[in-house]
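In the working numbering, the protein residues as written are 996 to 1083.
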């Protein structure tokens, strides 16, 4: 479990840096400056706790699973964003 926590955290960090770097390119910054927040590692790593939900809804139709994942992930994004904003 700890190993997957580290893997999820590192993949999340990497993806965020790539996406923010691409966004800087879209804005015209050819340096492709990417960034992330130290706290995001724990948030991305915490995806390990979503695995039981994945196992539970694995056989459901994909549109239903999609709606469930959107609600869960947007909720986590919103809550973690508020926490980071209010504590840093």
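Ideal placement from N, C-alpha and C gives every residue a C-beta, glycine not left out.
Nearest neighbour of residue i, chosen from the options [CA to CA]
i: residue 1029; options: 1008, 1083 and 1013; result: 1013
i: residue 1026; options: 1018, 1033 and 1051; result: 1018
i: residue 1076; options: 1047, 1049 and 1032; result: 1032
Opening and closing residue of the alpha helix (DSSP H) in which residue i lies
i: residue 1015; result: 997-1021
Buried versus exposed call for residue i [16 or more other C-beta atoms within 10 Å across all chains shown]
i: residue 1039; result: buried
i: residue 1008; result: buried
i: residue 1070; result: exposed
i: residue 1003; result: buried
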